[in-house]
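Participant: One structure coming up, written as structure tokens, with questions to follow.
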Amino acid sequence: MDVMPFLFLKASCIMAGEKIKIQLAKGPAGEFDTGTDIATVLKTLAPDDRNRPVCAKWNGKSVDLSFSITQPAEVEGIPLDSPEGEDILRHTAAHIMAQAVKELFPGTQVAIGPTIENGFYYDFDTERPLTPEDLDKITQRIKEIIKRDLPVVRSEMPREEALALFAGRQENYKVELINDLADEATVSLYTQGDYVDLCRGPHLPKTSLLRHFKLLSVAGAYWRGDEKKPMLQRIYGTAFARKEDLKKYLHMLEEAKKRDHRKLGRQLELFEINDTAGGGLILYHPKGALLRWILEDFEKQEHLRRGYQPVIGPQILKSDTWRISGHYDYYKENMYFTEIEGKEYGIKPMNCPAHMMIYQSKTRSYRDLPIRFFELGTVHRHEKTGVLHGLLRVRGFTQDDAHIFCLPEQLTDEIIGVIDFIKDVMNVFGFEYTLEISTRPEKSIGSDEDWERATKALQDALLRHDLSYEINEGDGAFYGPKIDVKIRDAIGRSWQCATIQCDFTLPERFQLTYVGSDGSEHRPVMLHRVIFGSLERFMAVLIEHYAGKFPLWLAPTQVVIINITDRQLAYAGKLKERFDAAGIRTELDGRQEKMGYKIREAQMKKIPYMVIVGDREMESSRISLRSRDRGDLGTREVEETLQMIRTEIDERRDGTETDEIGT
Ligand SMILES: [Zn+2]
Ligand SMILES: [Zn+2]
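First residue of the sequence shown: 0, per numbering that gives the first Met the number 0; consecutive thereafter.
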């Protein structure tokens, strides 16, 4: 079907009329005829703008350059190399890719093609599954379409007409999407050459503006994520305004692949997940369990130092508890249940209720507050099989969970204490981080006064720290506002780990009180908080952050002793005893293998130090030292080596100085 009629439709909407005042954001104003397009407005008001806008903001709303002005407004050009410009670029890239696929595989139906962080995808119903070779062909065709320099033209039409248009083109998924729209809706379409797509826009004005792109992968995806619906072919791609940024991003993806914690988890013998035990349930192997112990010990020490008290709750609690806490009503689908003597028990998805009961077990005075309960609490939550992912999305995990009970006037200080804590911990691992405050959502409980006080306490804490933060309006939990901490790893990816959450409901539901200085009972204020988040998730992040090359203090094996021949085996054994006695986690590789082979293997296992002993070392009671990251460190005294390694462990040196990845 020809699309020209819709272009006329658009033209007919333009009315000649009086002049309208248009204000350029951070620039001059001017008067224009009604119906002038934004491209002309921008060219007139900012003739020297080198950023060459590809779209515009019209009173804050994103529009195409072809948008015709109808009323006084503020206008701002969106350059291609801005976050919004790049999003529009990727969106247009998705359309061009869809056009390429339709040209190469006639009969293909297109489904949806949104942008995602750093890229885009499009779902296609093709006659056969697509292969990596197909991606090469599609890439070539995209380049041709770019060369054709097709204008990307917006048009609008009533819903009924759009239905007829896409039905005529046998685009059944588009028909289904339009059918979901309200009857009176006007539908906007974008056309480039023969290709028409249903889209809100805006888009780049022409296909030649797409230059630096890459198709990344193809995978099956169900229509609307529903396994009962048809399986579609989803092609992922990315595009950037600048060539260097695309290169950097592709490099980052390569790095991420090498650092995949599932792959390194096998290589370093840290953990496994198997079907017999069940999906999302982790079996820690000795080295992984050791790594977890190290992290747990670190956390226990840090919590004790900061005035937290350990508590431990049971793994299962009667459903009565979950009724009081509200989980039975609001969280039941995510919980697992069991039965004892005809009574229903819930496996805990959260640690809070036990901590509430422990608080409640005796009379608390205002002098006792703040009280900080800490637990390395293992919880189970239901996740669909499809979303499980290594250590990152699991069904059983352990949180470094604490609940802080305090007086209202202590709240800000308590939050500051937690932020200090987070800062110290993230520094140890070399993570940079950003903070976000999420405020009251539409559906929420608690008084305005509670929300204001808690939100202000969170903000005050950040201000007193001179920390900048972003605000996610309305993104808080229904029971209180929160601070989320996002950490950045060594290759620039961000991960959500720590959170600090105010809660007005649980103290209420569990009837928690303290006796105030006035002698009467009051409700304490309560914070939930985690620092790592979950140990599993944090370990995944650490494995990928360090690419498996853990700093010395975290490495499950810190030193491996390698003898060159059997003659030094007894000497090597004695050395191991000395390293063990110094509290250094040491292995002895006494196998009858070549030294070079043993060193390569130690390097593969990313063991920080190799102590090598041959006849010469043995005779002089010395050792040769080799570092995973710095190579040969020469012959040394044993005592001096022990001290050097001990100091490095005690100082918890970061170990991320070296960026290149071993195998
Ligand atoms: Zn679009
Ligand atoms: Zn909690």
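From the three backbone atoms N, C-alpha and C, an ideal C-beta is built for every residue, glycine too.
Source: prediction; values computed, not measured.
Give a yes or no on whether the C-beta atoms belonging to GLY479 and ALA453 are separated by under 8 Å.
Facilitator: In this structure, GLY479 places its C-beta atom within 8 Å of the C-beta atom of ALA453.
Participant: On the criterion of 16 or more Cβ atoms from any shown chain inside 10 Å, does GLY441 qualify as buried, or is it exposed?
Facilitator: A small fix is needed here, since residue 441 is Glu in this sequence, not Gly. Classification for GLU441: exposed.
Participant: Would you kindly check if the distance between the Cβ of ASN333 and the Cβ of GLN398 is under 8 Å?
Facilitator: no
Participant: Identify, in the order they occur along the chain, each residue of the same chain with its Cβ nearer than 8 Å to the Cβ of LEU176, setting aside the five sequence neighbours on each side.
Facilitator: ILE111, LEU197
Participant: ILE87 and ILE37 - do their beta-carbons sit closer together than 8 Å?
Facilitator: no
Participant: How big is the Cα-Cα spacing for PRO4 and PHE165?
Facilitator: Caution is warranted here: a pLDDT of 36 is assigned to PRO4, below 50, making its placement in the model unreliable, and the coordinate value is therefore given only provisionally. Their Cα atoms are separated by approximately 15 Å.
Participant: From this set, TYR513, ILE530, GLY572, GLY518, which residue's C-alpha is nearest LYS485's C-alpha?
Facilitator: ILE530
Participant: Tell me, please, which residues DSSP counts as bridged to PRO369.
Facilitator: PRO369 is not bridged to any residue.
Participant: I'd like to confirm the pairing. Which residues does DSSP put opposite TRP222 in its beta bridges?
Facilitator: Partner(s): none; TRP222 has no beta bridge.
Participant: In terms of residue numbering, what span does the beta strand (DSSP E) encompassing PHE239 cover?
Facilitator: 230-239
Participant: If you measure from each residue's Cβ to the nearest non-hydrogen atom of ligand 1, which ones come out under 5 Å, in chain order?
Facilitator: HIS90, CYS198
Participant: Which residue from PHE297, LYS573, GLY278, ASP133 puts its Cα closest to that of PHE232?
Facilitator: Per the sequence shown, the amino acid found at residue 232 is Gln instead of Phe. The candidate whose alpha carbon is nearest that of GLN232 is ASP133.
Participant: Only counting the same chain, and skipping five residues up and downstream in sequence, which positions put a Cβ closer than 8 Å to that of TYR608?
Facilitator: LEU551, GLN557, VAL558, VAL559, LEU624, ARG625, SER626, ARG627, ILE644
Participant: For MET594, which of ARG577, VAL612, ILE606 has the nearest alpha-carbon?
Facilitator: VAL612
Participant: Return the chain-ordered list of same chain residues with a C-beta closer than 6 Å to the C-beta of GLU170, the five sequence neighbours on each side being excluded.
Facilitator: The residues are GLN108.
Participant: Give me the pocket residues for ligand 2, defined as CB within less than 5 Å of any heavy atom, sorted by chain position.
Facilitator: CYS351, HIS527
Participant: Quick check on the DSSP output: the beta strand (DSSP E) that includes GLN398 runs from which residue to which?
Facilitator: 395-405
Participant: Measure the alpha-carbon distance for MET0 versus LEU214 and round it to whole angstroms.
Facilitator: For MET0, the predicted model reports a pLDDT of 36, less than 50, meaning its position is unreliable; a value from the coordinates is still stated below. Going by the C-alpha atoms only, they are around 29 Å apart.
Participant: Per DSSP, what kind of secondary structure is CYS198 in: helix, strand or coil?
Facilitator: coil
Participant: Please report the distance separating the alpha-carbon of ASP148 from that of LYS205.
Facilitator: 6 Å
Participant: Per DSSP, what are the beta-bridge partners of HIS521 in this structure?
Facilitator: Residue pairing by DSSP places HIS521 opposite TYR513 in a beta bridge.
Participant: Name the DSSP beta bridge partners of TRP321, please?
Facilitator: Beta-bridge pairing links TRP321 to no other residue.
Participant: Suppose contacts are defined by Cβ-Cβ distances below 8 Å. Is TYR358 in contact with VAL514 by that definition?
Facilitator: no
Participant: For GLN495, which of helix, strand or coil comes out of DSSP?
Facilitator: strand
Participant: Does ALA554 have its Cβ less than 8 Å from a Cβ in chain B?
Facilitator: Judged by its chain identifiers, the structure shown contains no chain B, having just a single protein chain.
Participant: Quick one: residues in its chain with C-beta nearer than 8 Å to the C-beta of TYR307, no 5 flanking neighbours on either side, listed in chain order?
Facilitator: ARG371, PHE372, PHE373, ALA401
Participant: Residues in the same chain with beta-carbon distance under 6 Å from ILE470, minus the five sequence neighbours each way, listed in chain order, please.
Facilitator: ILE436
Participant: Which of the three DSSP states is assigned to TRP552 in this structure?
Facilitator: coil
Participant: Which residues does DSSP list as the beta-bridge partners of TRP57?
Facilitator: Looking at the DSSP assignment, TRP57 forms a beta bridge with LYS60, VAL74.
Participant: Closest to GLY277 by CA distance: which of HIS302, GLY389, VAL637 is it?
Facilitator: Of the candidates HIS302, GLY389, VAL637, the one whose C-alpha sits nearest the C-alpha of GLY277 is GLY389.
Participant: According to the neighbour-count rule (16 or more other Cβ atoms, all chains shown, within 10 Å of its Cβ), is MET230 buried or exposed?
Facilitator: Burial state of MET230 is exposed, judged by a 10 Å Cβ sphere holding fewer than 16 other Cβ atoms.
Participant: Between which residues of its own chain and CYS12 is the CB-CB distance below 6 Å, once the five residues before and five after are set aside?
Facilitator: With a pLDDT of only 44 at CYS12, under 50, the local geometry of the prediction cannot be trusted, and the value read off the model is given with reservation. So no residue of the chain qualifies.
Participant: Helix, strand or coil for ALA166 per DSSP?
Facilitator: helix
Participant: Along the chain, where does the alpha helix (DSSP H) that runs through ALA569 open and close?
Facilitator: It spans 568-580 - the alpha helix (DSSP H) in which ALA569 sits, taken as one unbroken run.
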